[in-house]
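**Student:** Protein chains in written order, with this note's numbering: chain X, 5 to 340; chain Z, 5 to 340; chain E, 5 to 340; chain L, 5 to 340. So that we are looking at the same thing, I have put the structure below in structure tokens.
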């Protein structure tokens, strides 16, 4: 039984970790900490978790999940790792390999840049073997998960102009986290649709880093995030220009993901909807070539809190501890 | 392992049964039938269930769930029961003890009125022992579940004027089922709120029958259903006038439900929200007495598709087969 | 042309006043002030109002609308009124006649209690003649508007037990104002339904005061507010026990409101929905007597920002200045 | 006073025409017809319009709006035009100049192909002068309005590779019309996001035809429509690759639309949201060039029922009858 600690158990990724681990047969949450709501029981904040009780401390655990704002995990990772505790950070501290890049986007110095070399980017579909041996996992961002999985087969195979990729992505509001912000209120965000951060979003360098890792060509991505009035879900609509002809794209995708337990390549002409993955760890992908032209359109959907955060973190934990990768992650989506 | 058949696997209660039973360690869905969408795989209608495959026939099973419109279960129940198969009907065929009452509200003759005497109303909090021995269970309606559980302690204890009960109930849109109706479209039902069927709703006789069973006084309920723009959830706001004074209502509720695994009496002054039970089998209840007056206000919330339908049906299956009542029903609510 | 000032033009009632007055043929908004967002143009906060430009000061105007938090209007009213400027307060400063009652609910001393006697409660359907002559109008709260209009005919006619009235009311999220609060975020408030302030809500004394004014019997109201996932709209479901029989309720309502331009009594058996009044100043009411019992059920819907706030304020302005009451308020509801 | 008839007054574009014309000082709706709901008053279907009364027939009118399914207008246009009645079709009968193209996409023969030559595509920002003199106006589709206005300055100026345009567009559910369809129900369409018709959408030829009219280069557009859980609104996110450098895009857009009353070019770095145009005839546009790369990103928002349908139709009517173009269309957006 893996002894688990969650730091920051009161944000949306934290409470989602609790929900998923509650059904995990080989893991037990021993400790939940939260600076923000000190002295408040989890159940007081989340009546959905009434009845849960936790005790213990981080050092007693086998793995610590950081479901915290950026900057928290890197302050504690060195000591935990030295003590033999595995670290899975759901924030950005261990996603970017280049500390300078981190500092440019997150506006804070990196507290343990020397650990970046050994930390592993936790996208199992790209780095499965490295994750198995890692001590620190940088769990991917929600947008980068949907977008990289969607582009991966095309870029790996060198079929498209990687210097002109377009990722038009739409996120549910929970992607912004559990915070009181005017623009996130129901009165402002419902019955509304808008783009944001078109000039630059923190997930941009992460996407570029990932795709650069699988090609020798220059990679440029125009990434346009949008806010859509739903709680959960990301829908990435991806555009790339083919540089080779005569490729069976459907087959390419099916073969690339044939052995991936959490990537579902839909039949030709499909339009996956976000609710088809709600509360589950699945990424569903469809690939189109409209009017048989030279632009490929890929549709990629995930639940931002599961495959885009807590579920992928549990998937990584399973890898870290040698469990079957799907352990605790097989509950079907909640629909309707 | 209980062999399960689902008749009508393509409505919302059917697909919810599939979701819940997928995680049930002692039950296996062998058969799914659907007249409406014959020849269409479940996964084609519900991409959330891609990968599920089923075969078999009803008679091979230990229990058949009818997740069908009213009138289907009663046409097949006699034969199934004779063959030793248990029947759990999620529609209304076996809810009302009085066939005439059924016919008045559902506008069809009852096909097996003689089975009504032995069928059991499947609200475990009222009829647990009878359910254990039943062959046919009439699974309660969604509104009646929330409303009866909320009124039960008051009416059982004879503390209120049972002839003037008021149930102001609000339901998410999935309560209307999976059907194409103008009034249920997003453009008509979102950003909107309305009452409906104020003159009379089919769940009314069911509520009255249940409450009459626990008191010797006349029972009258004014029941006002409303449609609210959410997918899942029922919120019942209940009003009753106290006829006795000096009662500790909080304690009354806590004691009545102390051993109920799926009824959570909230602390004093609470306001349970529907999302705190989303996708789970829990009913949360809070009891108030505003301004210390003589009117009690009870707030009772459930997920209409779980405790109000499929979850309660699984709970009943567990009772029918001697399993721990919570088997397969312990997943935490999905929040946010 | 009436010269108008708006204090607090950046909350939802302020921006709604701007929208309505933009189409008013006899009024012109000269001044908009906002402490919160000083130096920021209205259009920066509300792109819907790009192009509006304002100048001037309060004393130059004929009427000042206070679309501010409680406590602001009473600090400036004395001076304005002395200078001959009419005041319409959309907050609570001039709603309650009893300063002590105000102080109990709003937790602040009243700054000009001596003006309460001459200020008029701005519900035209009850106080039309007094409003015409007033210098200060206390514009009603949103819940009290829907609830009083719904109960009025019954209580005026002495047909019901006024000491046991029940008002089960549901509000859209904009009723909470334009503020960043966790519970109002889309992730928390959508796909959810809950009651709040069951123990006591600030609109309670206002409702009781209004109904007491039209009957000699004691008045008690149990008022249960709920939050529903829509932007605009209030749906009040009202319950009262008849003390007289043989009354034609439909006719009672039709006659009471026959000459009211903004109260629409629906045909028998109707269920008005909130969207049927969206963005308009209309209150639609239906009256029911389920199962011919002794409990009357009244359904009353308004747009909380229009008839429940800014629209009613404009209606009051029209009365104050001798204009036809419907001037500038005839635009049809926005549906869908 | 222009005498107006509306054929098909009971769909969403019909009822929106009624709402807008109700506030038009120079037009009067004399006749509303609807085959679908014969014998039913408008107010019975749309309580928001209770009180409206209409009489008369088409031939008495100066202009007939067809707010009908495709195929209705073309059956009646010849006779009406012969009688001197102007025709504005909100469906597709007069949008495409090429009857064969119409027949390919709409699966019906064109009933009056000879009128296509003289009918005018009703996008005033492109064809203002021709509209003034027209007898038949083909009112643009909602997507084509947002997309063409967004691309127009770039394509007219020959700054981009017009053979690789990408239009990623998101529509509220009312865009699908007022019809009972499973995929449009609240339970299926809310808390969800999906693309549809990626392989080909009927608005595609209309977009291509429009852009071809302003350039000599070949035009190809990849157009991906999506359904987003809101009632009204279209958000088009447009991508084009610059073929010339050194252009001030902000200035290009501002100058192109400087005299357009209904196109609002937002300040640099803006992200217009759909609610900022809700219920109004405005199109708001922002232009971006992320990371100073060679891909331009244009954000273009409209209300699909107003600038995307009924509002633009009224704008066209104003042009047809020599009125100031903004007559009856100046009401501010409804926000929140």
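Beta carbons are placed, not taken as given, at the ideal position from N, Cα and C, and that holds for glycine. These numbers were taken from a predicted model, which means no experiment stands behind them.
Drop a sphere of 10 angstroms on the beta-carbon of residue 102 of chain Z, count the other beta-carbons inside from all chains shown, and report buried for 16 or more, exposed for fewer.
**Tutor:** Looking at its Cβ environment, which holds fewer than 16 other Cβ atoms inside 10 Å, residue 102 of chain Z is exposed.
**Student:** Using a C-beta to C-beta distance shorter than 9 Å, which residues of chain L count as neighbours of residue 313 of chain Z?
**Tutor:** Those within 9 Å of residue 313 of chain Z in chain L number zero; the least Cβ separation is about 14 Å.
**Student:** Sort X:36, X:125, X:175, X:91 by Cα distance to residue 278 of chain X and report the nearest one.
**Tutor:** Answer by Cα proximity: X:175.
**Student:** Mind pulling the chain L residues with CB within less than 8 Å of residue 195 of chain Z?
**Tutor:** The contacting residues are 235.
**Student:** Three-state secondary structure (DSSP) at residue 38 of chain Z?
**Tutor:** Three-state DSSP puts residue 38 of chain Z in coil, outside helix and strand.
**Student:** Given a cut-off of 9 Å on the beta-carbon distance, is the pair residue 292 of chain L and residue 85 of chain X in contact?
**Tutor:** It is not a contact, given that the beta carbons lie outside the stated cut-off.
**Student:** Check whether the Cβ of residue 340 of chain Z lies closer than 9 Å to any Cβ atom in chain E.
**Tutor:** Yes, contact with chain E.
**Student:** Look up residue 154 of chain E in the DSSP assignment and say whether it is helix, strand or coil.
**Tutor:** Helix, per DSSP.
**Student:** Does any C-beta atom of chain X lie closer than 9 Å to the C-beta of residue 38 of chain E?
**Tutor:** Output row for residue 38 of chain E: interface = no.
**Student:** Are the beta-carbon atoms belonging to residue 71 of chain E and residue 100 of chain E less than 9 Å from one another?
**Tutor:** No, Cβ-Cβ distance for residue 71 of chain E and residue 100 of chain E is not below 9 Å.
**Student:** On the three-state DSSP scale, how would you describe residue 245 of chain Z?
**Tutor:** Correct three-state label for residue 245 of chain Z: strand.
**Student:** Of all the residues that make up the region 143-164 of chain X, which are near chain Z by a beta-carbon distance shorter than 7 Å?
**Tutor:** Residues passing the 7 Å Cβ filter: none.
**Student:** Which whole-angstrom value is the C-beta distance of residue 235 of chain L and residue 178 of chain L, which I expect to be below 8 Å?
**Tutor:** That pair is a contact at about 5 Å.
**Student:** Between which two residues does the beta strand (DSSP E) carrying residue 170 of chain L extend?
**Tutor:** Residue 170 of chain L -> beta strand (DSSP E) spans 169-175.
**Student:** Using a beta-carbon distance below 9 Å, is residue 187 of chain X in contact with chain Z?
**Tutor:** No, residue 187 of chain X lies away from the interface with chain Z (no Cβ there is under 9 Å from its Cβ).
**Student:** Unbroken beta strand (DSSP E) runs of length 3 or more, entirely within the region 215-246 of chain Z: which are they?
**Tutor:** Here the runs fully enclosed are 225-231, 238-245.
**Student:** On a CA-only basis, which of E:239, E:222, E:221, E:224 is nearest residue 229 of chain Z? Give me that one, please.
**Tutor:** Nearest C-alpha to residue 229 of chain Z: E:239.
**Student:** How would you label residue 88 of chain E, buried or exposed, when you count the other beta carbons within 10 angstroms and need 16 or more for buried?
**Tutor:** With fewer than 16 Cβ atoms within 10 Å of its Cβ, residue 88 of chain E is classed as exposed.
**Student:** How long is the line joining the alpha carbons of residue 303 of chain X and residue 324 of chain Z, rounded to whole angstroms?
**Tutor:** In a straight line, the C-alpha of residue 303 of chain X is about 45 Å away from that of residue 324 of chain Z.
**Student:** My understanding is that residue 287 of chain L touches residue 311 of chain L, with C-beta atoms under 8 Å, so please give their C-beta distance in whole angstroms.
**Tutor:** At roughly 5 Å, the Cβ-Cβ gap stays under 8 Å, so residue 287 of chain L and residue 311 of chain L are in contact.
**Student:** Check whether the Cβ atoms of residue 169 of chain Z and residue 242 of chain Z lie closer than 9 Å to each other.
**Tutor:** In contact: residue 169 of chain Z and residue 242 of chain Z (Cβ atoms closer than 9 Å).
**Student:** By the DSSP assignment, the alpha helix (DSSP H) with residue 18 of chain Z in it spans what residues?
**Tutor:** 16-26 is the span of the alpha helix (DSSP H), which, as asked, contains residue 18 of chain Z.
**Student:** Along the region 249-266 of chain L, what residues have a CB closer than 9 Å to any CB found in chain X?
**Tutor:** For the region 249-266 of chain L, which is checked against every Cβ of chain X, not one residue is closer than 9 Å.
**Student:** To the nearest angstrom, how far is it from the Cα of residue 335 of chain E to the Cα of residue 284 of chain E?
**Tutor:** C-alpha separation (whole angstroms): 7 Å.
**Student:** So, for residue 151 of chain E: in the same chain, excluding its five sequence neighbours on each side, which residues have a beta-carbon less than 6 Å away from its beta-carbon?
**Tutor:** So the qualifying residues of the chain are 171, 211, 240.
**Student:** Just mark residue 315 of chain Z as buried or exposed, buried being the case when its beta carbon has 16 or more other beta carbons within 10 Å.
**Tutor:** By the 10 Å Cβ count, residue 315 of chain Z comes out buried.
**Student:** Flag residue 334 of chain L as yes if its beta-carbon sits less than 9 Å from any beta-carbon of chain E, otherwise no.
**Tutor:** Closer than 9 Å: yes.
**Student:** Under 9 Å between C-beta atoms, does residue 192 of chain X make it to chain E?
**Tutor:** For residue 192 of chain X, the answer is yes, since a Cβ of chain E falls inside 9 Å of its Cβ.
**Student:** Roughly how many whole angstroms lie between the Cα atoms of residue 321 of chain Z and residue 195 of chain Z?
**Tutor:** Answer to the nearest angstrom: the Cα atoms are 38 Å apart.
**Student:** Find the residues of chain X that neighbour residue 50 of chain Z, judging by a C-beta separation of less than 7 Å, and give them in chain order.
**Tutor:** Chain X residues near residue 50 of chain Z: 339.
**Student:** Short of 7 Å in beta carbon distance, which residues of its chain neighbour residue 105 of chain Z, apart from the five on each side in sequence? Order them along the chain.
**Tutor:** The answer, listed in chain order, is 209.
**Student:** Hey, is residue 102 of chain X's beta-carbon within less than 9 Å of any beta-carbon in chain L?
**Tutor:** Cβ-Cβ to chain L under 9 Å: no for residue 102 of chain X.
**Student:** With residue 244 of chain L and residue 300 of chain L assumed to form a contact (beta carbons below 8 Å), what rounded beta-carbon distance in angstroms separates them?
**Tutor:** Contact holds; Cβ gap of about 5 Å.
**Student:** Helix, strand or coil for residue 178 of chain L per DSSP?
**Tutor:** Correct three-state label for residue 178 of chain L: helix.
**Student:** Rounded to a whole number of angstroms, what is the C-alpha to C-alpha distance between residue 113 of chain X and residue 78 of chain X?
**Tutor:** Their Cα atoms are separated by approximately 10 Å.
**Student:** Check the Cβ of residue 53 of chain X against every Cβ in chain Z and list those closer than 7 Å, keeping chain order.
**Tutor:** What residue 53 of chain X touches in chain Z: 336.
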